[in-house]
Amino acid sequence: LKEIVSLHPLENQKDQIDEQQWPESQPIIWQSEERRRSEQIKKEYFKYKSSRKSSSGNENDEEYDRTDGFSHGPFGLKPRSAFSRSSRQEYGAADPGFTMRRKMEHLREEREQIRQLRNNLESRLKVILPDDIGAALMDGVVLCHLANHIRPRSVASIHVPSPAVPKLSMAKCRRNVENFLDACKKLGVSQERLCLPHHILEERGLVKVGVTVQALLELPTTKASQLSTA
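Below you can see the structure in the form of structure tokens.
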């Protein structure tokens with residue numbers, strides 16, 4: 003009986019020891035569990051971020067912009083954004099005087115080229131053209147006469163107005179213009195300096211018409227004479 007009684011205190015002491023040791027080991031288990039859960043949450047978060055980025059195809063997420071704000075695209079170049087375009091537009095709008103000066107300079111260049119076109123036609127054909135040179139050239143008659151002046155018979159047939167019909171139809175105007183452009187090609191005017199029919203017919207490309215006329219006048223006389231005798 004004494005032995006049994008003596009054993010009970012030992013068991014009680016052991017239980018007390020176990021109870022004292024359990025709280026010390028329990029926080030360690032909780033810490034490892036919390037660490038594992040936090041790592042799992044991080045993995046799921048990064049997986050969500052990557053899937054969202056690949057599905058949307060852009061980087062508009064606010065948090066991603068903060069974390070990736072210093073990253074660059076291929077070759078270290080920053081991607082273009084609407085802010086850079088708007089800033090350029092604001093810069094251009096901030097100096098309207100510069101834009102106006104460019105427009106005025108462009109208009110002066112156009113007027114000079116049209117004046118040169120008038121001088122070329124009047125000096126070669128010995129005529130005086132009206133103030134509205136675009137309307138004077140739109141039927142193609144003056145231009146066909148210029149081609150025949152450079153090379154006789156380069157335009158075989160020219161539709162001209164008559165007292166009975168002072169204004170040509172659009173079909174006859176187009177035929178004259180096309181015959182003039184064909185003659186320019188045969189005489190050697192390059193495609194780059196050749197205007198289009200609507201530049202003449204619609205009076206919207208006098209500068210380009212002037213380039214074609216200048217190229218026609220710059221052709222070597224020997225080449226034009228050889229073509230005329232061929």
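Start counting the sequence shown at 3; every next residue gets the next number (the numbering used here).
All residues carry an ideal CB built from backbone N, CA and C; glycine is no exception.
- A contact between stretches requires three or more CB pairs, one per stretch, nearer than 8 Å, and the region 121-135 fails this requirement with the region 164-173.
- For GLY99, the number of other beta carbons within 10 angstroms of its own is below 16, and it is reported as exposed.
- Per DSSP, the unbroken alpha helix (DSSP H) holding GLU124 starts and ends at 98-127.
- DSSP places ARG38 in the helix class (H, G or I) of the three-state scheme.
- Note that the C-beta distance between GLY142 and VAL191 is not below 7 Å.
- VAL209 is not a Cβ neighbour of GLU107, given a cutoff of 7 Å.
- For ILE152, the number of other beta carbons within 10 angstroms of its own is at least 16, and it is reported as buried.
- When rounded, the separation of the alpha-carbon atoms in ASP133 and GLU205 is 13 Å.
- Per DSSP, reduced to three states, the secondary structure at PRO199 is helical.
- By the neighbour-count criterion, in which 16 or more other beta carbons inside 10 Å mark a residue as buried, ASN181 falls on the buried side.
- Around the beta carbon of ALA137, fewer than 16 other beta carbons lie within 10 angstroms, which makes this residue exposed.
- If you draw a straight line from the Cα of LYS105 to the Cα of ILE116, it is about 17 Å long.
- The beta-carbon separation of VAL215 and LEU148, rounded to 7 Å, stays under the 8 Å limit for a contact.
- In this structure, ALA185 keeps its C-beta atom at 7 Å or more from the C-beta atom of VAL162.
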